[in-house]
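Worksheet for the structure shown next.
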Amino acid sequence: MRVLRYRAKGVLRQRMRALRNSIPRESLAERSAKIRAGLLARSEMAGARTVALFWPILKRGEVDLRPLVSELRARGVVVAFPSIHPETRVMTFRIPADPEAMEEQGLGFQEPRLTEPEAAEVDVVVVPALGVDGEGNRIGYGAGYYDRTIPRFCPPGVAIGVAYDFQVLSEVPVTEGDVPLPIVVTDERVIEI
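Here's what the structure looks like:
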């Protein structure tokens, strides 16, 4: 049964990537703006001192959170980004002096340098998703980094997933180690568990 769920997730990953890739980039940009506005409207964001974002891979059509960096910093919020240690494969959140200067470290996304300071606490972890369901179950890229990292920061922090509304599914197969998201912000709604 477990093997079937892993296979089902793999099939869903492919399907959701293809769906996301079929949407015009202009539409994704408009949808991303709505998601950013939805995030900023959350009370969790209003009271946050440190927020962990992700730098989007735009060629994959990921939700573009980049404009949030300057907005949050202008409010005095510390902005951190995922960083995966090359030897231990453990994900932490690091605080880059200049997010524009982050570099691809091998997994295909921009990361802070390992010399940048680690965030000891994070009030909000914004989590990317290829697909989510109404129970907060998420399909990511399959490596489990967020599933292993979220419990280290939440609670006391909170994880908030972001996805386009077309990525909301009736059900996501759940496998061992999956961590559901208590809140998901899309371009059309907020799902709260």
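With our numbering as the guide, the letters of the sequence shown map in order to residues 3 to 195. The beta-carbon is built from N, C-alpha and C at its ideal position, and this holds for glycine as well. Values in this document were obtained by computation on a predicted structure and should not be read as measured data.
For residue 85, the three-state secondary structure derived from DSSP is strand.
A residue is called buried when at least 16 other Cβ atoms come within 10 angstroms of its Cβ; residue 13 does not meet this threshold and is exposed. Fully contained in the stretch 89-162 are the following alpha helix (DSSP H) runs of length 4 or more, in chain order: 147-155. In the structure shown, residue 181 falls within a coil segment according to DSSP collapsed to helix, strand and coil. Put simply, the stretch 130-150 does not touch the stretch 71-80. Fewer than three CB pairs are less than 8 Å apart. Contact between residue 129 and residue 162 holds, since their C-beta atoms are separated by about 7 Å, short of 8 Å. The shortest CA-to-CA distance from residue 183 to any of 157, 103, 140 is the one to 140. In terms of Cβ geometry, residue 10 and residue 175 form a close pair [threshold 8 Å].
Counted as a single uninterrupted DSSP element, the beta strand (DSSP E) harbouring residue 53 occupies residues 52-54.
Each residue's CA atom was taken as its position, placing residue 64 and residue 53 some 18 Å apart.
For residue 190, there is no enclosing beta strand (DSSP E), as DSSP marks it with neither H nor E. When Cβ pairs closer than 8 Å are counted between the two stretches, the stretch 86-104 is seen to touch the stretch 113-123, the count reaching three or more.
Counting every other CB atom within 10 Å of its CB across the protein chains shown gives residue 131 a total of 16 or more, marking it as buried.
The C-alpha of residue 82 is placed about 14 Å away from the C-alpha of residue 58.
Buried is the label assigned to residue 118, since at least 16 other Cβ atoms lie within 10 Å of its Cβ. The Cβ atoms of residue 155 and residue 21 do not sit closer than 8 Å to each other. In the structure shown, the three-state DSSP call for residue 67 is coil. Around residue 160, the same chain offers 46, 125, 126, 127, 184, 185 as residues with beta carbons nearer than 8 Å, after the five sequence neighbours per side are excluded.
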